[in-house]
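Written out below as C-alpha cells is the structure these notes cover.
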Amino acid sequence: IFFGYMKRAENHWSIIWFIFFVFLKIRKQNPHIHLWILGLAPRPLLKLIGKCISNVHVAGAVSDPTLAFQKADLSVAPLLYGAGVKIKVLQMLEAGATVVATEVGAEGIESHKKLHIVNKTQFGKKILELLD
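Written as C-alpha cells, this is what we have:
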C-alpha cells in the first residue's frame, strides 16, 4: 500500500519511481504481488499507469485508510524528496502496518520495530525479504 495526497509532487513522482524502478522488478520474482495506491487526486498519468501495468491498482481517495493498512502485507513510503515528518508513515505504524521507507519517508520518526528504513537501491530487496 502507498498512501498520500497524490496532487503533491513528492508523492506523485516518488510512487512513479517506485513502480518503474522497484515494483516491476520485484513483480518478476513474485508475480502475485500487488500495489494499491490510495490517496486523493491521483494525476492522469498515474491513473493510466494503473490501467496499463498489471497488479498496480490506483484506488484514489479513501475515507479512512486504517483498514487497508491493517489488511496489507506491508506499506511503502518510497519518498525521494520532501521535508518534515510524514504523517502517512505514522498512520501506517499506528495501524500496525509493517512499513518500508526511504530515509526521506522516515524523516523525523523514531526507531520502530515495524519501520524498515532502506536506501533506494535496497528497497526491492527489503520488500521481498519481508514478504518471504
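Under the numbering used here, the residue at position 89 of the sequence shown is numbered 89, and the numbers go up by one with no gaps. Cβ atoms here follow ideal geometry from the backbone N, Cα and C, with glycine treated the same way. It should be emphasised that the depicted structure is a prediction, and the values quoted were computed from it without experimental measurement.
Check your understanding: Quick one: Cα of L48 to Cα of Y5, how far?
Key -> As a first step, residue 48 is located in the sequence shown; it is residue number 48 there, counting from the start. As a first step, residue 5 is located in the sequence shown; it is residue number 5 there, counting from the start. C-alpha separation (whole angstroms): 17 Å.
Check your understanding: Which parts of the stretch 59 to 123 are runs of the alpha helix (DSSP H), unbroken and 4 residues or longer, counting only runs that do not cross its ends?
Key -> 66 to 71, 87 to 94, all fully within the stretch 59 to 123.
Exercise for review: Could you tell me how far apart the beta carbons of L74 and V99 are, in whole angstroms, since I believe they sit closer than 8 Å?
Suggested key: In the sequence shown, counting from the first residue as 1, residue 74 sits at position 74. In the sequence shown, counting from the first residue as 1, residue 99 sits at position 99. 7 Å between Cβ atoms; contact.
Check your understanding: Taking the C-alpha atoms as reference points, what is the distance between W36 and A101?
Key -> In the sequence shown, residue 36 corresponds to position 36, counting from 1. In the sequence shown, residue 101 corresponds to position 101, counting from 1. Their Cα atoms are separated by approximately 16 Å.
Point to revise | G108 versus V89 - alpha carbon distance | key: For the purposes of this step, residue 108 is taken as the residue at position 108 of the sequence shown. For the purposes of this step, residue 89 is taken as the residue at position 89 of the sequence shown. Between G108 and V89, the C-alpha separation is close to 11 Å.
**Study point:** Presumed contact (8 Å Cβ cut-off) between G39 and F3, rounded CB distance
**Key:** The residue you call residue 39 lines up with position 39 of the sequence shown. The residue you call residue 3 lines up with position 3 of the sequence shown. Rounded, the Cβ-Cβ distance is 6 Å, consistent with contact.
Practice item. For Q70, I'd like the list of residues in its chain whose CB is within less than 8 Å of its CB, leaving aside the five on either flank, ordered along the chain. Key: Within the sequence shown, residue 70 is the residue found at index 70, counting from 1. Excluding sequence neighbours, Q70 sits near A95, G96, A97.
Check your understanding: Would you call S14 buried or exposed, if buried means 16 or more other Cβ atoms sit within 10 Å of its Cβ?
Key -> Indexing the sequence shown from 1 puts residue 14 at position 14. Classification of S14: buried, given that the 10 Å Cβ count is 16 or more.
Practice item. Locate the beta strand (DSSP E) running through I37, then write down its first and last residues. Key: Translated into positions along the sequence shown, residue 37 becomes position 37. For I37, the uninterrupted beta strand (DSSP E) segment begins and ends at 35 to 38.
Review point. Can you give the Cα-Cα distance for L128 and H116, rounded to whole angstroms?
Key: Here residue 128 corresponds to residue number 128 of the sequence shown, with the count starting at 1. Here residue 116 corresponds to residue number 116 of the sequence shown, with the count starting at 1. Those two C-alpha atoms are separated by around 13 Å.
Point to revise | Coarse secondary structure for H32, derived from DSSP in three states | key: Numbered from its first residue, the sequence shown carries residue 32 at position 32. The three-state secondary structure of H32, taken from DSSP, is coil.
Review point. Can you name the start and end residues of the alpha helix (DSSP H) that A9 belongs to?
Key: Numbered from 1 along the sequence shown, position 9 holds the residue referred to as residue 9. It spans 9 to 18 - the alpha helix (DSSP H) in which A9 sits, taken as one unbroken run.
**Study point:** Bounding residues of the alpha helix (DSSP H) (the contiguous stretch that carries P44)
**Key:** Counting from one through the sequence shown, the residue named residue 44 turns up at place 44. 44 to 52 is the extent of the alpha helix (DSSP H) around P44.
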